[in-house]
Amino acid sequence: MVAVTATWGLCFVLISWGLRDAPVLWFAALRSGVAGVALLAYGSWKRRPTPRSRGDWGLVGALAATNAGLAFAAMFAGVAGLTTGAAAVLANAQPLLILLPAWWLYREPVSPRTVVALAAGFVGLVVVAGPGGGGTGAALSLLAAAAITTGTLLVRLTGHLDVVMVSGWHFLLGGMGLSVAAAAVEGSPQITWTPRFVAVLGLLSLAGTAWTFLVWFREAQRYRLSLLSAWTFLTPVFGIGFGVLLLGERPSGWTLAGLAMVLIALWFVLRPGTDPINPGTGPDRGQGASAMSGS
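All the letters of the sequence shown, read from the start, carry residue numbers 0 to 294 under numbering that gives the first Met the number 0.
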């Protein structure tokens, strides 16, 4: 999860660079489409099974609309309207948004300590969203977080399907939907295919999307969503750090104070003694624990 969140933090810098050469929606469509093609090519090579029933395709379509289409469109537009660090913080509000739905839908236990810690993390996000960068960009980044949260909840329902093919098809369908929206809103694609943009698109699509979401979906099918999502609190830490190192951004005192609150919240949620395993995993509990310790 440290590697995944570090890669996601770098994605906000990559998006910022890529937006110099491509409009928001067309860039988001390319990211999703390239990731989908790569995963489907890998899955076909490995002869992974494709979803067949109408209900399964309905789940894939809902995942495409939320986790790929709406999330990527709002995330890219949010980066365009905020500093990289502020966008990274707000777009990763998932730990706060997933708490009640995970309890209601999947009966995941919620301890008072977790509630208090995530509430403190929410206050930290509010602090960042104010002087650190608010307005439309903040609202769009929070919308991206809500869409990704919905996608994570939906992934739990796809446990009977092959995760590689589900990931690939949902990104491909999401990219197609984003292309339609981009054509309607931005017109024909005005993209400058510089070597920088090609490199950014490749790294963003393959490492920052195909690989990270494949890992994320696998973990979301096995572990308690409220605790797994808490790891994404690390994403803004890396996002702000990469923004400082690569873009020369200088976070304000308010941003640093809010970020400190978010990190404290993460520490309380993930303190030793908290069981990260989904209570309903049954015989796979031991395997899940080994996988978590190995990661």
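Where a beta carbon is used, it is the ideal one built from N, C-alpha and C, also for glycine.
Going by beta-carbon coordinates alone, are residue i and residue j separated by less than 8 Å?
i           : j           : result
residue 150 : residue 209 : no
residue 155 : residue 220 : yes
residue 211 : residue 6   : yes
residue 50  : residue 192 : no
residue 54  : residue 171 : no
residue 25  : residue 185 : yes
Which residue from the options puts its Cα closest to that of residue i?
i           : options            : result
residue 29  : 160, 161, 189      : 189
residue 78  : 19, 265, 171       : 19
residue 269 : 114, 185, 239      : 114
residue 52  : 160, 110, 41       : 160
residue 122 : 267, 260, 265      : 260
residue 255 : 182, 264, 239, 44  : 239
residue 178 : 258, 143, 3, 21    : 21
residue 258 : 126, 56, 100, 102  : 126
residue 100 : 228, 207, 197, 187 : 228
residue 235 : 217, 157, 120      : 120
residue 157 : 205, 181, 249, 217 : 217
Report all residues from its chain with a CB closer than 6 Å to the CB of residue i; omit the five preceding and five following residues, and keep chain order.
i           : result
residue 76  : 23, 139
residue 9   : 241
residue 0   : 230
residue 27  : 71, 72, 75, 177
residue 173 : 31, 63, 67, 68
Is residue i a contact residue of the ligand GTP, with contact defined as CB to any heavy atom under 7 Å?
i           : result
residue 147 : Looking at this structure, you won't find the ligand GTP or any other ligand, since it has none at all.
Quick one: residues in its chain with C-beta nearer than 8 Å to the C-beta of residue i, no 5 flanking neighbours on either side, listed in chain order?
i           : result
residue 213 : 38, 162, 163, 166
residue 203 : 10, 13, 14, 17, 30
residue 153 : 58, 61, 62, 65, 66
residue 98  : 109, 113, 114, 117, 225
residue 205 : 33, 34, 37
residue 201 : 33
residue 283 : Caution applies to residue 283, whose pLDDT of 38 falls short of 50 and renders its modelled position unreliable; the value that the coordinates give is listed next. Closer than 8 Å at the Cβ level, and outside the excluded window around residue 283, lie 221.
Can you give the beta carbon distance from residue i to residue j, rounded, assuming they're within the 8 Å contact cut?
i           : j           : result
residue 232 : residue 262 : 7 Å
residue 32  : residue 176 : Incorrect: roughly 10 Å between the Cβ atoms, too far for contact.
residue 215 : residue 3   : 6 Å
Can you check whether the C-beta of residue i is within less than 8 Å of a C-beta belonging to chain B?
i           : result
residue 119 : In the displayed structure, chain B is absent; only one protein chain is listed.
Counting only the same chain and skipping the five closest in sequence on each side, list residues whose C-beta sits under 7 Å from that of residue i.
i           : result
residue 245 : 12
residue 41  : 163
residue 145 : 96
residue 301 : No information on residue 301 is available, as it lies outside the stretch 0 to 294 that the chain covers here.
residue 182 : none
residue 56  : 50
residue 102 : 109
residue 143 : 70, 73, 74, 77, 90
Segments of 4+ residues assigned as alpha helix (DSSP H) that fall wholly inside the region 17-78:
23-44, 53-62
Fully enclosed by the region 88-174, which alpha helix (DSSP H) runs are 4 residues long or longer?
93-96, 98-105, 111-128, 135-154
What ranges does the alpha helix (DSSP H) occupy inside the region 175-228, keeping only unbroken runs of at least 4 residues that lie completely in it?
194-201, 211-219
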